Amino acid sequence: MQSTEEAHDMRDHDVRELKDVMKDVQKTLHGVDKTVAIHSKEFESIKTIKETVVTNRESTKSAHHRIDEVERDMRKGFEEIQAQQKEQFDDFKKLVEASNASHDKNFEKMRTFGWKVFFLFAAPFAAGVVGFFWFVFNKGIGLK
């Protein structure tokens, strides 16, 4: 009987060892489960971050495209404004030059008219003064 008892004790001992090993395996599996859950969350976080990065990259490309488009539109607008201002300046310059030419022409006409008026009135006056002096000095005033 002793051998059956020993076999039974040995069997109980083996069963206890197996239970202990199973508990250790369960603890290890539970730890692995926690690690897998943590890593799954981390992978989900990484996946979310990657999606965010991709979305941000696309948004950045779109924003750069819009910025480039706005910059082109602004440059085009500035060039149009510069062209209009240059055209207005050229028109104003032509107007000023025409006005100056007109004023110069009018000044020359007035100067010519002034000389004509001067000679019209000054020539007879000068002739009268010369005649008067000639008369006075040649014939005398006649006061004798």
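So for the sequence shown, my numbering puts the first residue at 572; every next one is plus one. Each residue gets a CB set at the ideal place from its N, CA and C atoms; glycine is no exception. Since this is a predicted model, take the numbers as computed values, not measurements.
Through-space distance from residue j to residue i, alpha-carbon basis
i           : j           : result
residue 672 : residue 679 : 10 Å
residue 692 : residue 707 : 22 Å
residue 624 : residue 654 : 44 Å
residue 639 : residue 630 : 14 Å
residue 619 : residue 598 : 31 Å
residue 587 : residue 579 : 12 Å
residue 593 : residue 627 : 49 Å
residue 600 : residue 585 : 22 Å
residue 591 : residue 622 : 45 Å
residue 589 : residue 606 : 25 Å
residue 581 : residue 602 : 31 Å
is_contact[residue i, chain C] using C-beta, thresh 9 Å
i           : result
residue 644 : No chain C appears in the structure shown, which is made up of a single protein chain.
Own chain, CB closer than 7 Å to residue i, minus 5 neighbours either side, in chain order
i           : result
residue 715 : Because the pLDDT of residue 715 is 47, which lies under 50, any placement of that residue in the model is unreliable, and the question is left without a value.
Same chain, Cβ closer than 8 Å to residue i, five either side skipped, listed in chain order
i           : result
residue 737 : This structure gives no information on residue 737, because the portion of the chain shown stretches from 572 to 715.
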